[in-house]
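A.B. asks: Residue numbers (this note's numbering): 19 to 209.
For glycine and all other residues, C-beta sits at the position ideal for the given N, C-alpha and C.
On a predicted model such as this, the values are computed, not experimentally measured, just so you know.
Starting off with a structure, shown below.
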């Protein structure tokens with residue numbers, strides 16, 4: 019079923035989706051600018067507390083990414099671009115069988131990282147931007163499947179792990195950093 023869902027998503031391939039999903043998966047042109055934009059919004063909305071909160075997001079990303087890499091070594095589950103590359107559509111310029119440095123795909127680190135950050139931001143701020151970030155997280159997950167980098171199960175497991183990491187991290191941060199509790203409380207009173 020995993021392969022069937024992947025190939026069904028790949029059947030929708032067209033030049034627009036190729037560019038869109040390649041962009042959504044790219045760290046340099048999408049993830050990093052998104053992080054900078056979120057940092058600017060946090061500072062604009064919460065001033066010094068926003069800057070301090072942003073400083074707590076970086077360790078979360080490192081924790082989530084390292085967790086994903088460790089879990090990959092346990093599963094040893096190949097990526098579709100490694101396993102069934104002959105059946106896949108590859109966007110312009112991408113070489114078939116070009117999976118990247120890490121050949122194991124279970125779980126998707128993109129999904130872990132995006133969902134961890136989305137969950138933490140949503141739980142800490144209680145701001146609607148958290149819901150928007152969940153939408154971005156889903157789109158990034160779909161992009162990983164569309165590009166043949168991950169099977170749906172790899173993205174799903176990454177999403178669940180990311181949600182759990184984000185929840186645990188937000189819980190710890192809210193427990194130990196008073197200024198974060200005021201950020202969420204201020205948002206709740208504004209609604």
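Give a yes or no on whether the C-beta atoms belonging to residue 157 and residue 42 are separated by under 8 Å.
C.D. replies: yes
A.B. asks: Within the region 31-101, note down every full alpha helix (DSSP H) run reaching 4 residues or more, in order along the chain.
C.D. replies: 33-43, 50-64, 66-93, 98-101
A.B. asks: Residues in its own chain within less than 7 Å of residue 57 by CB, not counting five upstream and five downstream?
C.D. replies: Same-chain partners within the cutoff: 72.
A.B. asks: Between residue 177 and residue 78, what straight-line distance do the alpha-carbon atoms span, to the nearest angstrom?
C.D. replies: 15 Å
A.B. asks: Among residues of its own chain, excluding the 5 on either side of residue 148, which ones have a beta-carbon nearer than 7 Å to its beta-carbon?
C.D. replies: 136, 139, 140
A.B. asks: So is residue 127 buried or exposed if we call it buried at 16+ other beta carbons inside 10 Å?
C.D. replies: buried
A.B. asks: Applying the 10 Å Cβ sphere with the 16-neighbour rule, what's the burial state of residue 87?
C.D. replies: exposed
A.B. asks: Taking the alpha-carbon positions, what's the residue 209 to residue 145 distance?
C.D. replies: Note that residue 209 scores a pLDDT of 43, beneath 50, so its modelled location is shaky; the value from the coordinates is reported in the next line. Their backbone Cα atoms lie some 10 Å apart in a straight line.
A.B. asks: Can you give me the C-alpha to C-alpha distance between residue 117 and residue 59, rounded to a whole angstrom?
C.D. replies: The straight-line gap from Cα to Cα measures roughly 34 Å.
A.B. asks: Using the rule of at least 16 other Cβ atoms within 10 Å of the residue's Cβ for burial, across every protein chain shown, is residue 133 buried or exposed?
C.D. replies: buried
A.B. asks: Check for me: the alpha helix (DSSP H) holding residue 144 runs from which residue to which?
C.D. replies: Premise fails: residue 144 is in no alpha helix (DSSP H) and is neither H nor E.
A.B. asks: Per DSSP, residue 122 is paired with what?
C.D. replies: 96
A.B. asks: What whole-angstrom Cβ distance do residue 173 and residue 163 have, given they're in contact under 8 Å?
C.D. replies: 6 Å
A.B. asks: Tell whether a beta-carbon distance below 8 Å holds between residue 97 and residue 168.
C.D. replies: yes
A.B. asks: Taking residue 20 as part of the alpha helix (DSSP H), name the residues at either end of that continuous run.
C.D. replies: 20-28
A.B. asks: Count the other CB atoms within 10 Å of the CB of residue 84; is the residue buried (16 or more) or exposed (fewer)?
C.D. replies: exposed
A.B. asks: Leaving out five residues on either side along the sequence, give the residues of the same chain with a beta carbon under 7 Å from the beta carbon of residue 161.
C.D. replies: 39, 42, 43
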